[in-house]
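Student: Residue numbers (the working numbering): 2 to 315. Virtual Cβ for every residue (Gly too), placed ideally from N, Cα, C. Let me give you the structure first, and then I'll get to my questions.
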C-alpha cells in the first residue's frame with residue numbers, strides 16, 4: 002500500500018481507503034442492499050491487514066450501524082488508523098432531516114464517538130450541507146471549537162457540486178474536501194482540484210466506481226433490492242451507464258479488472274489524496290486495494306478515455 006498526505010491536515014493516508022456506506026446495510030434508508038455483518042467485519046479486517054488506514058463513514062449510514070461495525074473491527078488499532086465520519090443527517094429526533102445546528106453537531110459527534118469506540122475523530126465532515134450554510138460560514142466556527150476541544154483533529158466537507166468546495170475553501174480553513182470523481186464524472190478535476198492543491202486542501206474521491214457500475218458486473222437487465230439506492234435509478238440512466246461502461250472494456254486485461262482500472266484512473270490524478278471505494282466483502286477489498294501497486298494507465302488509454310468522454314460516451 003502506498004500513502005499520500007491529506008492536505009494541510011498532514012495525515013498520512015492510504016491512497017486507497019475504505020468507504021463504509023455499504024456495510025451500514027439498508028435497514029434504515031437506502032444503501033447498497035442487504036449485508037452480512039460477519040462479511041462486513043471481515044472486509045474491514047482485510048483492509049486493515051493489507052495496509053489500509055483510512056476509513057470513511059457517516060453517522061447516517063445504517064443509522065449508526067456502519068460506525069458500530071468499524072468500532073468493533075478496529076478495536077485495538079486506534080493509533081494506527083484514521084477515522085473520517087460525517088454529520089448533518091439528523092435521524093435521532095423524529096423524521097430524518099438535515100441539521101447543522103451547533104448543539105446538534107456536538108451531540109452527534111458524541112454519539113459517533115460512542116459507536117466508534119473512540120474519544121476523538123480524525124476528520125469530521127459536513128455531509129452534503131446546503132449552499133447557504135457554506136456561504137454563511139458560522140458552522141465552521143462550531144467545527145473550530147470542536148477542533149480546539151480535541152474532540153476532532155480536523156474538519157472537512159462532503160459535497161456533490163465542485164462549486165460548493167470552492168465556496169467552502171473561501172469561507173473556512175477546511176482540511177479536506179470529499180467529492181464525486183470517476184471516469185464518468187470528471188467535473189471536479191479542473192478548478193476544484195487546482196484550487197484545493199493551491200490551498201493545501203486534501204481531496205477524497207468518492208463514488209470512484211460510479212455506484213458499482215464501473216466494476217463491470219452490472220448491466221441494463223440487473224435488478225436491485227428495494228433497499229438498494231440503485232433500485233430508484235431511472236432505467237434510461239442505467240442504460241446510459243452500461244453503454245458507457247461497455248466502451249471502457251478495453252481497460253480490462255488478464256492482470257487488471259475494470260474496477261482496478263477505474264480506481265487507477267482516479268489515483269493517476271495526483272491532486273487526489275485518497276480514493277474510497279465501498280466494499281461489503283473481503284474479496285472486493287482485496288481487488289480494490291491491489292490497485293495501489295498497479296501501474297498507471299498508459300497515455301494511449303488516457304487519450305482514448307478523453308475521446309470517449311468528449312463524445313459523451315455515446
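1. Which two residues bound the contiguous beta strand (DSSP E) that contains residue 179?
2. Measuring only the C-alpha atoms, how far is residue 85 from residue 252?
3. Within a Cβ cutoff of 7 Å, which residues of the same chain sit near residue 54, ignoring the five residues on either side of it in sequence?
4. Taking 7 Å as the threshold (C-beta atoms), are residue 243 and residue 221 in contact?
5. How many angstroms separate the CA atom of residue 184 from the CA atom of residue 123?
6. Out of 213, 21, 233 and 148, which one is the CA nearest neighbour of residue 75?
7. With distances taken between CB atoms, is the gap from residue 33 to residue 311 smaller than 7 Å?
8. The beta strand (DSSP E) spanning residue 148 covers which residue range?
9. On the CB-based measure, 16 or more other CB atoms within 10 Å of its CB, does residue 171 come out buried or exposed?
10. Please give the ranges of any alpha helix (DSSP H) in the region 46 to 87, keeping only runs that are unbroken, at least 4 residues long and fully inside the region.
11. Could you name the residues of the same chain whose beta carbon sits closer than 8 Å to that of residue 250, not counting the 5 residues immediately before and after it, in chain order?
12. Closest to residue 273 by CA distance: which of 151, 103 and 196 is it?
13. Could you check where the beta strand (DSSP E) with residue 156 kicks off and where it finishes?
14. With a Cβ-Cβ cutoff of 7 Å, do residue 257 and residue 298 count as a contact?
15. How is residue 109 classed by DSSP in three states: helix, strand or coil?
16. Taking 7 Å as the threshold (C-beta atoms), are residue 277 and residue 57 in contact?
17. Just checking my contact of residue 245 with residue 314 at CB under 8 Å: how many whole Å lie between their CB atoms?
18. Going by the beta-carbon positions, is the gap between residue 10 and residue 176 smaller than 7 Å?
19. If we count the other Cβ atoms within 10 Å of its Cβ and call it buried at 16 or more, is residue 149 buried or exposed?
20. Who are the Cβ neighbours of residue 127 in its own chain at under 6 Å, not counting the five residues just before and after it?
21. Residue 102 to residue 109, Cα distance in whole Å?
22. Excluding the 5 residues flanking residue 5 on each side, which residues of the same chain have their C-beta closer than 7 Å to its C-beta?
23. CA-CA distance, residue 68 and residue 303?
24. Here's the rule I'm using: 16 or more other beta-carbon atoms within 10 Å means buried, otherwise exposed. How should residue 36 be labelled?
25. Look up residue 187 in the DSSP assignment and say whether it is helix, strand or coil.
26. So, with DSSP's three-state summary, where would you put residue 218?
27. Helix, strand or coil for residue 312, going by three-state DSSP, please let me know.
28. Using C-beta distances below 7 Å, list every residue in its chain close to residue 173, excluding the 5 sequence neighbours before and after it, in chain order.
29. Whole angstroms is fine: what's the gap from residue 70's alpha carbon to residue 308's?
Tutor: Let me spell this out:
1. Membership of residue 179 in the beta strand (DSSP E) is indicated by the continuous run 177 to 181.
2. 31 Å
3. 14, 15, 81, 82 and 83
4. yes
5. Looking at the two C-alpha atoms, the distance is approximately 29 Å.
6. 21
7. no
8. Element bounds for residue 148: not the beta strand (DSSP E) but the alpha helix (DSSP H), 139 to 150.
9. exposed
10. 66 to 74
11. 217 and 259
12. 196
13. Segment 153 to 160, the beta strand (DSSP E) holding residue 156.
14. no
15. helix
16. yes
17. Going by Cβ atoms, the distance from residue 245 to residue 314 rounds to 4 Å, so yes, they are a contact pair.
18. yes
19. exposed
20. 89 and 158
21. Cα to Cα, the separation comes out at about 10 Å.
22. 14, 16, 274 and 275
23. 37 Å
24. buried
25. coil
26. coil
27. coil
28. If you ignore the 5 residues before and after residue 173, its C-beta comes within less than 7 Å of the C-beta of 138 and 141, all in its own chain and listed in chain order.
29. 42 Å
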